[in-house]
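Sequence positions in the sequence shown follow the working numbering and run 148 to 321.
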Amino acid sequence: MTEMTPGHGAADRSHWPADHPAVAFGRVGVLLLNLGTPDATSYWPMRRYLKQFLSDPRVIEEPRWKWWPILNLIILTVRPSRKGKDYETIWNKERDEGPLKTITRAQAEKLSQRLNDGRIVVDWAMRYANPSTESRIRWLMDQGCDRILLLPLYPQYAAATTATACDEAFRALI
């Protein structure tokens, strides 16, 4: 916690009465949220990623009774192998991860460097797969963040992107 004292820019409380007690503020977390990427290109990690992604009712707006057999009996049987081969063509072999993970990590690191403020902690998470939104929110809280700014990295609002990313963060905070 940091005590705010007179003469510190936006935190200037010089207009407060002289006998006003000091106000303590914790750190602020900034969490960049992105869609996600499988943990590997092989069958089971691809299947796990696709199941999590395609089971989200914000992504697939079909009745569960209709979608469940299509997803589990057809899509999750065939697509993990096919999509794994597609992912292999763009996979970051140096870091052994999908490019979205590489790019999102780099954005968080650069934002942290630009902010360069010990009171602000920048991190990143994926809506589907790792690092999970819940794990990174817990980490920010462990770092002393009592406020967390969610920053979905999507160019526009859509239920299948921004809304589901925020839903997941809110679930973790409850």
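Even for Gly, the Cβ is constructed at its ideal location relative to N, Cα and C.
CA-to-CA distance, residue j to residue i, given in whole angstroms
i             : j             : result
proline 302   : proline 168   : 43 Å
aspartate 264 : aspartate 289 : 17 Å
aspartate 233 : leucine 182   : 17 Å
leucine 296   : alanine 312   : 13 Å
Contacting residues, own chain, Cβ-Cβ under 8 Å from residue i (five flanking each side not counted)
i             : result
alanine 310   : Arg205 and Tyr304
aspartate 314 : Arg205
tyrosine 196  : Gly183, Thr184, Pro185, Asp186, Tyr275 and Ala276
Neighbourhood of residue i by C-beta, 6 Å cutoff - its chain only, sequence neighbours within 5 removed
i             : result
glutamine 199 : Tyr275
alanine 157   : Confidence at alanine 157 is low in this model, with a pLDDT of 47, below 50, so its placement is unreliable and the value that follows should be read with caution. Taken in chain order, the list of residues that qualify is empty.
Opposing strand residues paired with residue i [DSSP bridges]
i            : result
alanine 253  : Paired residues: none, contrary to the question.
tyrosine 275 : Gly183
cysteine 292 : Arg174
leucine 298  : Leu179
valine 269   : Val177
7 Å CB neighbourhood of residue i in its chain, flanking five on each side removed
i              : result
asparagine 277 : Asp186
cysteine 292   : Gly173, Arg174, Val175, Gly176 and Val268
glycine 231    : Thr188, Ser189, Tyr190 and Met193
glutamate 235  : Thr188
CB contact flag (residue i, residue j, <7 Å)
i             : j              : result
arginine 266  : arginine 174   : yes
alanine 272   : leucine 178    : yes
glutamine 215 : isoleucine 207 : Rather than glutamine, the amino acid found at residue 215 in this sequence is tryptophan. No, the pair does not count as a contact, with Cβ atoms beyond the cut-off.
Q: Assess, as a yes-or-no matter, whether the stretch 279-286 is touched by the stretch 247-254 under the definition of 3 or more beta carbon pairs within less than 8 Å.
A: no
Q) Hey, is the stretch 183-192 in contact with the stretch 235-251, meaning 3+ C-beta pairs nearer than 8 Å? A) yes
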